[in-house]
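Residue numbers (my numbering): 318 to 498.
Just so it is clear, CB atoms sit at the ideal spot from N, CA and C, and this is done for glycine as well.
Computed from a predicted model, the values in this text were never measured in an experiment.
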């Protein structure tokens, strides 16, 4: 009689390694996986740090002005037609159409808010946008629940906006939006 355990020793040692790692981490919470140039003490932190914001703003007004102009135009369009661009509150309406555009637009709106923090109208729209997305029970499209592409776009846009706008969110919003992510 032959047994088929070729993968069992590997699985055993992987599980053992995980258990030992978890035990060591429990004993010493200071043990962390070091990341090169990591800065997790403030937001933003996903794509750049707080100290990089001034440089981004400077470049938006100089060498990258053509990119900032397109972003400004897109946000101006959103601000002049908010009901056309804001996600609907109604979950049935939200999930009835291909909704990846909401995540895509939110990321652009959040980046605009980083570059132009004095524009409170854009920041308020971004927070309203996030409230509407957070109110949805699912970001999947009703007629294509197997397709997670819209969910992925929504998640990337929402997580980006959470990171970029974190310091402008209320404590309740920070907690609620983090739960959504």
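Is residue 477 closer than 8 Å to residue 424 when the C-beta atoms are compared?
yes
Please return the same chain residues whose Cβ sits closer than 8 Å to the Cβ of residue 344, not counting the five positions on each side in sequence.
Interpretation of residue 344 is limited by its pLDDT of 49, a score under 50 that renders its predicted location unreliable; no figure is taken from the coordinates.
How about residue 361 and residue 481: do their beta carbons lie closer than 8 Å?
yes
Quick one: complete beta strand (DSSP E) runs, 3+ long, within the segment 391-455?
none
In three-state DSSP terms, what is residue 471?
helix
Across the segment 431-451 and the segment 459-466, are there enough close Cβ pairs to call them in contact, namely three or more that are closer than 8 Å?
no
Rounded to a whole number of angstroms, what is the C-alpha to C-alpha distance between residue 498 and residue 439?
Distance between the alpha carbons of residue 498 and residue 439 is about 22 Å.
Which class does residue 476 belong to by DSSP, given the choice of helix, strand or coil?
helix
Between which two residues does the alpha helix (DSSP H) carrying residue 465 extend?
Segment: none, residue 465 is in no alpha helix (DSSP H) and carries neither H nor E.
CB residue 531 to CB residue 399, shorter than 8 Å?
Examination of residue 531 is not possible in this model, given that the chain is present from 318 through 498 alone.
Buried or exposed: where does residue 383 fall if 16 or more other Cβ atoms within 10 Å of its Cβ makes it buried?
Exposed, because fewer than 16 other Cβ atoms sit within 10 Å of the Cβ of residue 383.
In angstroms, rounded to a whole number, what distance separates the CA positions of residue 436 and residue 416?
26 Å
On the CB-based measure, 16 or more other CB atoms within 10 Å of its CB, does residue 431 come out buried or exposed?
buried
If I measure Cβ to Cβ from residue 370 and keep anything under 8 Å in the same chain, skipping five residues before and after, which residues do I get?
361 and 431
Neighbourhood of residue 350 by C-beta distance below 7 Å, restricted to the same chain and skipping five residues each side
Reliability of the predicted coordinates at residue 350 is poor, the pLDDT of 49 falling under 50, and the value obtained from them is presented with this limitation in mind. When the five nearest sequence neighbours on each side are left out, no beta carbon in the same chain lies closer than 7 Å to the beta carbon of residue 350.
Same chain, Cβ closer than 7 Å to residue 412, five either side skipped, listed in chain order
Only residues of its own chain outside the window of five on either side were considered, and among them 455, 457, 458 and 459 have a CB closer than 7 Å to the CB of residue 412, listed in chain order.
Residue 283 by DSSP, collapsed to three states: which one?
Outside the modelled stretch of the chain, which goes from 318 to 498, sits residue 283, for which no answer is possible.
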